[in-house]
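Working notes, beginning with the structure itself.
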Amino acid sequence: MDKTDELTTLREEINRLNFIRDEQFRLRKYFTDNVEKIKVAVAFLFDFTTDDEKRDYLKSLISTHAEEELRAQLEAFKLGRELGYASTQPLTTHLPPGEAHFNRIYF
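Numbering (numbering that gives the first Met the number 0), first residue to last: 0 to 106.
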């Protein structure tokens with residue numbers, strides 16, 4: 000399967016598996032930021048026999064990715080504080096609507 004076929008398969012599965020709009024957005028962003036992971040994800044999708052298993056697998060990718068992004072931003076926050084920098088930008092401006100759990104964290 001070539002890269003175009005892999006991307007098409009992934010897109011079809013994301014659209015078919017009844018994700019909510021926010022989850023679709025986060026999955027698309029995840030694979031846009033991690034193009035090299037498309038091939039592996041598509042290969043694993045064929046290992047699952049039910050739509051629930053496929054959906055759970057894809058959801059696990061975005062929950063882990065969001066946690067990693069938040070950790071990275073918190074580390075940047077700590078480093079900025081240590082260096083004496085401050086910002087008026089909210090920590091969560093990069094998150095899609097509905098994902099700003101810590102809406103007023105500033106660094």
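We put the beta carbon where it would ideally sit given N, CA and C, even for glycine.
For residue 40, does the count of other Cβ atoms within 10 angstroms reach 16, so buried, or fall short, so exposed?
-> One-based indexing of the sequence shown puts residue 40 at position 41. With 16 or more Cβ atoms within 10 Å of its Cβ, residue 40 is classed as buried.
Whole-angstrom C-beta distance between residue 26 and residue 57, which should lie under 8 Å | Locating residue 57 in the sequence shown gives position 58, counting from the first residue. Locating residue 26 in the sequence shown gives position 27, counting from the first residue. Right, their Cβ atoms sit about 6 Å apart.
Excluding the five sequence neighbours on either side, which residues of its own chain have a C-beta within less than 8 Å of the C-beta of residue 47, listed in chain order?
-> Counting from 1 along the sequence shown, the entry for residue 47 is found at position 48. Around residue 47, the same chain offers 53 and 56 as residues with beta carbons nearer than 8 Å, after the five sequence neighbours per side are excluded.
Do you know offhand how far residue 15's Cα is from residue 34's?
-> Your numbering for residue 15 matches position 16 in the sequence shown. Your numbering for residue 34 matches position 35 in the sequence shown. Taking the straight line from one Cα to the other gives about 20 Å.
Alpha-carbon to alpha-carbon, residue 28 and residue 78 | Within the sequence shown, numbered from 1, the residue matching residue 78 stands at position 79. Within the sequence shown, numbered from 1, the residue matching residue 28 stands at position 29. One C-alpha to the other measures close to 26 Å.
Is the beta carbon of residue 30 less than 8 Å from the beta carbon of residue 19?
-> Taking the first residue of the sequence shown as position 1, residue 30 is located at position 31. Taking the first residue of the sequence shown as position 1, residue 19 is located at position 20. Not a contact, by the Cβ cut-off of 8 Å.
Just the C-alpha distance for residue 9 and residue 70, rounded to the nearest angstrom, thanks.
-> Sequence index remark: in the sequence shown, residue 9 carries index 10 (1-based). Sequence index remark: in the sequence shown, residue 70 carries index 71 (1-based). CA-to-CA, the gap between residue 9 and residue 70 works out to about 27 Å.
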